[in-house]
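Here the structure is laid out as structure tokens; the discussion comes afterwards.
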Amino acid sequence: MKIENKLLDNIALLAALHLSEAEKEQLLDYLKKTLSYFQNIKKIDTKNVPPLISPFNPTLKLREDKVIDSPEKQDLLDQAPERQGNLFKVPPVI
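Residue numbers (my numbering): 1 to 94.
So, in structure tokens, the structure goes:
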């Protein structure tokens, strides 16, 4: 991809940047160098390299599932300040 003034002006517009002519020249040079680095990387043969999902090898620490007693539904409903049938009644939220 070739970076030209028109493309740079469009990028600056999208990024809401107001660039002087000197800044545009400096940025054009920087973008051209950056793209050339990517072109060099693109030349590297990676056919036999497996994809790397993460540089770390995380192990998940899972806890054992345990059945615990929980309060009865009716006990919880009895503690509600207001209820309507088997539901908690709360102020409307708009």
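Cβ coordinates follow ideal geometry from the N, Cα and C atoms, glycine included.
Euclidean distance between Cα positions of residue i and residue j
i	j	result
residue 89	residue 7	58 Å
residue 52	residue 44	16 Å
residue 60	residue 39	38 Å
residue 84	residue 66	33 Å
residue 13	residue 41	29 Å
residue 23	residue 17	11 Å
residue 46	residue 34	21 Å
residue 68	residue 92	34 Å
residue 71	residue 57	40 Å
residue 36	residue 28	12 Å
residue 4	residue 55	36 Å
residue 11	residue 63	50 Å
DSSP bridge partner residues for residue i (one or two, in chain order)
i	result
residue 83	88
Own chain, CB closer than 8 Å to residue i, minus 5 neighbours either side, in chain order
i	result
residue 32	3
Inside the stretch 19–86 only - alpha helix (DSSP H) runs reaching at least 4 residues: Runs of the alpha helix (DSSP H) inside the stretch 19–86: 21–42, 73–78.
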